[in-house]
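To convert, count from 1 in the sequence shown and add 15; that's our numbering.
Just so you know, even glycine gets a beta-carbon here, dropped at the ideal spot from N, CA and C.
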Amino acid sequence: MRVMIKIKFNLQKTAVGGLLFLVSHQALCSVGELRVKHIDVPAYNLISDTLVGMSTPSSGKRNDFVLQLVCDLARGDKNQQEVNAVLQHNHIDVQSIPAKGSMSSLLINGDKADQASTCAAYIATSLFNSSDNAALFDKSKTESGKDELTLNQPRFAREMKVRMSLAQATANLYAVIATNLPNNNELSFSDYQQSVASSVYHYAPEYLKLIQKLYASDKATYTPVTVTSSVTSISDNQGRELEITPQSIKFKSKGVVWLGEGKILGKEYFIPVKIIDSPVANKPKTSKKTNK
16 MRVMIKIKFN LQKTAVGGLL FLVSHQALCS VGELRVKHID VPAYNLISDT LVGMSTPSSG
76 KRNDFVLQLV CDLARGDKNQ QEVNAVLQHN HIDVQSIPAK GSMSSLLING DKADQASTCA
136 AYIATSLFNS SDNAALFDKS KTESGKDELT LNQPRFAREM KVRMSLAQAT ANLYAVIATN
196 LPNNNELSFS DYQQSVASSV YHYAPEYLKL IQKLYASDKA TYTPVTVTSS VTSISDNQGR
256 ELEITPQSIK FKSKGVVWLG EGKILGKEYF IPVKIIDSPV ANKPKTSKKT NK
């Protein structure tokens with residue numbers, strides 16, 4: 016028996032979400048003669064929007080401090096006593112945290128499944144955040160007194176190993192979600208988001224393990240293509256390429272896009288989303304004019 020997990024998350028009206036809202040609002044104004052009541056939407060955007068919503072509180076601003084602690088619990092890097100100690104050290108009263116209804120609740124309620132799914136969403140969407148590469152560079156002074164930045168190769172190699180493992184595991188996460196999406200033109204965007212959230216809920220522990228496994232087994236040598244304060248473009252000796260900019264991410268393996276540009280493991284997935292609820296109206300009967 017398949018159990019449907021009802022997961023609450025904050026819907027972010029990003030590119031696709033906002034577009035659907037606009038289209039459906041306009042369509043409902045005059046739909047009587049429309050035959051098609053759904054539109055095909057890229058699953059890539061649906062998944063990305065949902066993951067952002069799962070890791071974002073209702074305030075709309077993510078708390079990295081809280082989410083990193085949630086991940087520590089989900090991965091077993093810290094136990095409850097250690098997390099409580101961190102909270103107290105940061106002048107946070109553990110007793111004041113509600114057991115439900117807040118992202119912080121995951122720090123004290125012991126819900127391992129929710130901790131894992133929230134952590135998975137947080138880690139996956141961290142790829143889409145603008146890269147801050149300042150820590151990868153050493154700063155020194157030239158003879159003229161100007162600041163000069165030099166890429167620190169050991170730090171660069173360690174950080175790229177993390178990002179590449181994360182990109183590869185996240186491509187798998189997207190593929191698992193996309194292949195488990197229903198294909199039903201009677202479902203709304205929010206219905207599909209619940210399906211995404213359910214897949215993440217069930218797959219999250221495997222996703223977190225996969226990241227660690229990929230990191231531990233990675234023996235690649237990384238070459239910087241373009242590395243600036245906000246842009247990362249690298250390649251390795253195993254045929255993989257990763258590009259992260261403030262606008263997008265693209266992960267390629269042997270020339271095939273595994274994540275990015277709307278593709279998941281080299282394939283584009285689309286889902287039929289219902290945007291019109293009202294039934295087709297019957298044409299009004301026209302009365303025949305009679306000659307008098």
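*Backbone secondary structure at I291 - three-state DSSP*: For the purposes of this step, residue 291 is taken as the residue at position 276 of the sequence shown. In this structure, I291 counts as coil in the three-state DSSP scheme.
*Taking three-plus beta-carbon pairs below 8 Å as touching, is the region 275-287 in contact with the region 196-208?*
yes
*Are L280 and Y189 touching if we call contact CB-CB under 9 Å?*
In the sequence shown, counting from the first residue as 1, residue 280 sits at position 265. In the sequence shown, counting from the first residue as 1, residue 189 sits at position 174. In this structure, Y189 lies closer than 9 Å to L280 by Cβ.
*From T133 to G116, what distance separates their C-alpha atoms?*
Start at 1 with the first residue of the sequence shown, and residue 133 comes out as number 118. Start at 1 with the first residue of the sequence shown, and residue 116 comes out as number 101. Rounded to whole angstroms, T133 to G116 spans 14 Å at the Cα level.
_Helix, strand or coil at D64 according to DSSP, with G and I counted as helix_ = In the sequence shown, the residue the question calls residue 64 occupies position 49. Helix at D64.
*Taking just the CA atoms, how far does D79 sit from L61?*
Within the sequence shown, the letter at position 46 stands for residue 61. Within the sequence shown, the letter at position 64 stands for residue 79. Using only the alpha carbons, I get a separation of about 23 Å.
*asked:* Between L257, S73, Q262, P57, which has its C-alpha nearest K269's C-alpha?
replied: If you number the sequence shown from 1, residue 269 lands on position 254. Looking at the Cα atoms, L257 is the closest of the given residues.
*State the DSSP-derived secondary structure class of L181, mapped to helix, strand or coil.*
Here residue 181 corresponds to residue number 166 of the sequence shown, with the count starting at 1. Residue state, collapsed to three classes: helix.
*For F143, the three-state DSSP class (helix, strand or coil)*: Walking along the sequence shown from the start, residue 143 turns up at place 128. Looking at F143 - three-state DSSP - the assignment turns out to be coil, as it is neither helix nor strand.
_Quick check: G75 and Q208, are their CB atoms within less than 9 Å of each other?_
The residue you call residue 75 lines up with position 60 of the sequence shown. The residue you call residue 208 lines up with position 193 of the sequence shown. Against a cut-off of 9 Å, the Cβ pair of Q208 and G75 comes out as no contact.
*Please classify S245: is it buried, with 16 or more other beta-carbons within 10 angstroms of its beta-carbon, or exposed?*
Walking along the sequence shown from the start, residue 245 turns up at place 230. The residue in question, S245, is exposed, as its Cβ has fewer than 16 Cβ neighbours within 10 Å.
*Return helix, strand or coil for R255, following the three-state DSSP convention.*
Here residue 255 refers to the residue found at position 240 when the sequence shown is read from its first residue. Residue state, collapsed to three classes: strand.
*Flag this pair as touching only if the region 91-100 and the region 158-171 have three or more C-beta atom pairs under 8 Å; answer yes or no.*
no
*asked:* DSSP three-state label for S155, please.
replied: Taking the first residue of the sequence shown as position 1, residue 155 is located at position 140. Note: S155 maps to strand in three-state DSSP.
*Taking A186 and L274 to be in contact with their CB atoms under 8 Å, please state how far apart those CB atoms are, rounded to whole angstroms.*
Position 171 of the sequence shown, counted from the first residue, corresponds to residue 186. Position 259 of the sequence shown, counted from the first residue, corresponds to residue 274. Right, the Cβ-Cβ distance comes to about 4 Å (below 8 Å), so this counts as a contact.
*asked:* Helix, strand or coil, according to DSSP, for K300 in the structure here?
replied: Position 285 of the sequence shown holds residue 300. Note that K300 scores a pLDDT of 48, beneath 50, so its modelled location is shaky and nothing firm can be said.
*Using alpha carbons as the reference points, say which of S214, S180, D206 lies closest to N195.*
Within the sequence shown, residue 195 is the residue found at index 180, counting from 1. Nearest of S214, S180, D206 to N195, Cα basis: S214.
*Have a look at L223 and A128 and give me their C-alpha separation to the nearest angstrom.*
The sequence position of residue 223 within the sequence shown is 208, counting from 1. The sequence position of residue 128 within the sequence shown is 113, counting from 1. Roughly 12 Å separates the two Cα atoms.
*Assign H53 to one of three DSSP states: helix, strand, or coil.*
Sequence index remark: in the sequence shown, residue 53 carries index 38 (1-based). Strand.
*Helix, strand or coil at D162 according to DSSP, with G and I counted as helix*: Taking the first residue of the sequence shown as 1, we reach residue 162 at position 147. Three-state result, D162: strand.
*Might you give, ordered along the chain, the residues of its own chain that have their beta carbon closer than 7 Å to the beta carbon of M118, omitting 5 neighbours on each side?*
Position 103 of the sequence shown, counting from 1, holds the residue named residue 118. Correct list, in chain order: P72, N78, V81.
*Helix, strand or coil for V81, going by three-state DSSP, please let me know.*
To locate residue 81, count along the sequence shown from 1; it is residue 66. Of the three classes helix, strand and coil, the one that applies to V81 here is helix, per DSSP.
*The alpha helix (DSSP H) enclosing P220, as first and last residue numbers*: Position 205 of the sequence shown holds residue 220. Run containing P220: 204-232, per the alpha helix (DSSP H) assignment.
_Contact check, A135 vs Y218, beta carbons under 9 Å_ = The count along the sequence shown starts at 1 and reaches residue 135 at position 120. The count along the sequence shown starts at 1 and reaches residue 218 at position 203. Result yes, Cβ atoms of A135 and Y218 sit closer than 9 Å.
*Please determine, among T157, K265, G125, L122, the residue with the shortest C-alpha to C-alpha distance to L181.*
Locating residue 181 in the sequence shown gives position 166, where the first residue counts as 1. The shortest Cα separation from L181 among T157, K265, G125, L122 belongs to K265.
*Neighbourhood of S111 by C-beta, 6 Å cutoff - its chain only, sequence neighbours within 5 removed*: As a first step, residue 111 must be located in the sequence shown, where it is residue number 96. Cβ neighbours of S111 beyond the five flanking positions: none.
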